[in-house]
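Please read the structure below before turning to the comments.
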DNA sequence: TCAAAAACTTGAACTACTTCAAGAAATACG
DNA sequence: CGTATTTCTTGAAGTAGTTCAAGTTTTTGA
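Residue numbers (UniProt numbering), protein chains in the order written: chain Z, 1 to 190; chain F, 1 to 190.
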């Protein structure tokens with residue numbers, strides 16, 4: 001039970017058997033159906049989600065009414081709105097299941113008591129957040145320096161399977177170009 | 001001595017007097033001259049920098065040979081390449097002083113021993129990284145949804161003083177448009 | 001203090017994308 | 001299985017920006 005998250009945690013820190021038991025007792029898996037939301041714009045985000053199986057995404061609706069994906073979360077990723085979570089402010093984002101997804105939803109109150117009981121977990125979440133921030137910096141670099149076609153090819157080389165897994169319009173918006181342009185890139189019409 | 005960083009840490013966690021002493025003994029301020037680098041592309045980043053006074057920036061040189069700023073770090077900000085730091089891989093970035101800047105440079109070996117001796121610091125760095133990641137997500141949102149002029153005005157409203165403080169071409173690249181276009185925005189010629 | 005370097009401005013030509021609209025194809029699920 | 005919904009495609013017209021080049025202004029530091 002909960003092997004996925006326990007394995008992931010133990011990639012970064014050591015856990016005592018008693019700590020594993022404690023974790024087990026606090027965690028539970030829930031299933032989010034395709035297209036269901038776990039966070040809507042305007043809500044305060046009190047939960048962190050660990051993706052066990054499936055795919056979540058964080059997106060916004062831009063002024064033209066089009067969805068734009070800011071982040072995908074696949075197996076072994078955490079997804080949340082950290083700013084809303086820390087500042088208790090209304091979120092700017094939606095978080096939704098792209099496909100039917102199993103997550104471990106960790107509420108702030110539960111997580112905070114876990115962090116007190118297993119102080120070593122602080123290190124785990126520190127490393128997760130630092131790596132995520134590092135990845136966000138690289139993402140901004142790619143957005144700044146590559147053309148649309150280059151971003152598509154680069155992503156496809158890095159994550160060949162993932163390209164098949166999500167609708168093209170979601171990936172297009174994640175790479176910051178229109179769904180129509182994605183279609184033309186794929187057809188070689190650019 | 002080191003009040004800036006001690007105050008910043010104590011915004012998020014409690015420190016015992018003995019811990020403060022220990023910190024004091026490990027920290028030292030160094031001065032980075034305007035335009036000097038603390039990290040160059042290709043180097044492995046082993047240090048985190050806390051800005052006490054002044055301004056640092058992280059930037060890249062794009063394929064056309066133009067510098068593009070990915071991140072500014074002003075007073076009370078940490079700046080580093082977390083990906084290079086964690087993975088021991090060559091950095092994609094330059095980190096440079098925009099103006100002559102006082103930083104506390106924390107080497108990985110020193111920081112790691114501090115984290116062992118003051119486990120509570122893990123929490124501090126967790127929160128710093130989570131907030132930084134949250135800010136990066138918002139940044140991507142702004143890049144995705146606002147026009148160049150909107151990004152400039154938004155930034156100017158949020159950080160009126162900062163706009164005066166750095167060369168326009170650095171801010172232009174941070175907001176992802178050309179220095180020339182910045183000039184036209186400011187002149188109202190758009 | 002003053003020369004050199006850095007930063008800013010301007011206009012003209014260009015281009016990598018977007019938007020719109022409508023139809024075709026693929027997929028979900030009752 | 002079949003239909004409703006979602007996703008993808010295509011071309012034409014438009015635009016928010018870039019690039020280039022040259023001149024001007026401001027700042028730096030010996």
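Beta carbons are placed, not taken as given, at the ideal position from N, Cα and C, and that holds for glycine.
Here the structure is a predicted model, which means the values were calculated and not measured.
Buried or exposed (CB count within 10 angstroms, at least 16 for buried), residue i
{"i": "residue 69 of chain Z", "result": "buried"}
{"i": "residue 16 of chain Z", "result": "exposed"}
{"i": "residue 183 of chain F", "result": "exposed"}
{"i": "residue 38 of chain F", "result": "buried"}
{"i": "residue 71 of chain F", "result": "buried"}
{"i": "residue 188 of chain F", "result": "exposed"}
{"i": "residue 173 of chain Z", "result": "buried"}
{"i": "residue 95 of chain Z", "result": "buried"}
{"i": "residue 61 of chain F", "result": "exposed"}
{"i": "residue 190 of chain F", "result": "exposed"}
{"i": "residue 91 of chain F", "result": "buried"}
{"i": "residue 164 of chain Z", "result": "exposed"}
{"i": "residue 137 of chain Z", "result": "buried"}
Residue i to residue j span [Cα, whole Å]
{"i": "residue 110 of chain F", "j": "residue 116 of chain F", "result": "10 Å"}
{"i": "residue 114 of chain F", "j": "residue 121 of chain F", "result": "8 Å"}
{"i": "residue 40 of chain F", "j": "residue 30 of chain Z", "result": "45 Å"}
{"i": "residue 161 of chain Z", "j": "residue 170 of chain F", "result": "37 Å"}
{"i": "residue 66 of chain F", "j": "residue 119 of chain F", "result": "42 Å"}
{"i": "residue 20 of chain Z", "j": "residue 56 of chain Z", "result": "26 Å"}
{"i": "residue 178 of chain F", "j": "residue 42 of chain F", "result": "26 Å"}
{"i": "residue 76 of chain F", "j": "residue 123 of chain Z", "result": "22 Å"}
{"i": "residue 139 of chain Z", "j": "residue 59 of chain Z", "result": "16 Å"}
{"i": "residue 79 of chain F", "j": "residue 105 of chain F", "result": "10 Å"}
{"i": "residue 185 of chain F", "j": "residue 168 of chain F", "result": "11 Å"}
{"i": "residue 7 of chain F", "j": "residue 35 of chain Z", "result": "44 Å"}
{"i": "residue 9 of chain F", "j": "residue 18 of chain F", "result": "15 Å"}
{"i": "residue 98 of chain F", "j": "residue 166 of chain F", "result": "7 Å"}
N- and C-terminal bounds of the beta strand (DSSP E) containing residue i
{"i": "residue 134 of chain Z", "result": "Note, residue 134 of chain Z: premise wrong, no beta strand (DSSP E); alpha helix (DSSP H) at 120 to 145."}
{"i": "residue 67 of chain F", "result": "67 to 73"}
{"i": "residue 39 of chain Z", "result": "37 to 39"}
{"i": "residue 30 of chain F", "result": "29 to 32"}
{"i": "residue 60 of chain Z", "result": "56 to 61"}
{"i": "residue 50 of chain F", "result": "47 to 53"}
N- and C-terminal bounds of the alpha helix (DSSP H) containing residue i
{"i": "residue 154 of chain Z", "result": "148 to 158"}
{"i": "residue 182 of chain F", "result": "179 to 186"}
{"i": "residue 110 of chain Z", "result": "108 to 117"}
{"i": "residue 84 of chain Z", "result": "82 to 87"}
{"i": "residue 173 of chain F", "result": "168 to 174"}
{"i": "residue 96 of chain F", "result": "Taken as a continuous stretch (DSSP letters only), residue 96 of chain F belongs to no alpha helix (DSSP H), being part of the beta strand (DSSP E) at 94 to 97."}
{"i": "residue 19 of chain F", "result": "17 to 26"}
{"i": "residue 43 of chain F", "result": "Neither: residue 43 of chain F is in no alpha helix (DSSP H) and is coded neither H nor E."}
{"i": "residue 7 of chain Z", "result": "3 to 10"}
At a Cβ cut of 8 Å, what residues of the segment 129 to 147 of chain Z count as close to chain F, listed as they run along the chain? 129, 130, 131, 132, 133, 134, 135, 136, 137, 138, 139, 140, 141, 143, 144 and 145
Whether or not the segment 42 to 53 of chain Z and the segment 10 to 25 of chain Z are in contact is what I'm after, with contact meaning three or more pairs of Cβ atoms, one per stretch, closer than 8 Å; do they touch? no
Specify whether the segment 119 to 129 of chain Z and the segment 122 to 130 of chain F touch according to this definition: at least 3 beta carbon pairs, one from each stretch, less than 8 Å apart. yes
Three-pair Cβ contact test at 8 Å for the segment 49 to 68 of chain Z versus the segment 148 to 157 of chain Z: no
Take every Cβ of the segment 145 to 153 of chain F, pair it with every Cβ of the segment 84 to 91 of chain Z, and state whether three or more of those distances are shorter than 8 Å. no
Going along the chain, which residues of the segment 33 to 62 of chain F sit with their C-beta nearer than 8 Å to a C-beta in chain Z? 58, 60 and 62
Give the residues from the segment 146 to 178 of chain Z that approach chain F closer than 7 Å (Cβ to any Cβ), ordered along the chain. 176
Mind checking the segment 11 to 32 of chain Z against chain F and listing, in chain order, the residues whose C-beta falls within less than 7 Å of any C-beta there? none
Determine which residues of the segment 100 to 114 of chain F have a Cβ less than 9 Å from any Cβ of chain Z, and write them out in chain order. none
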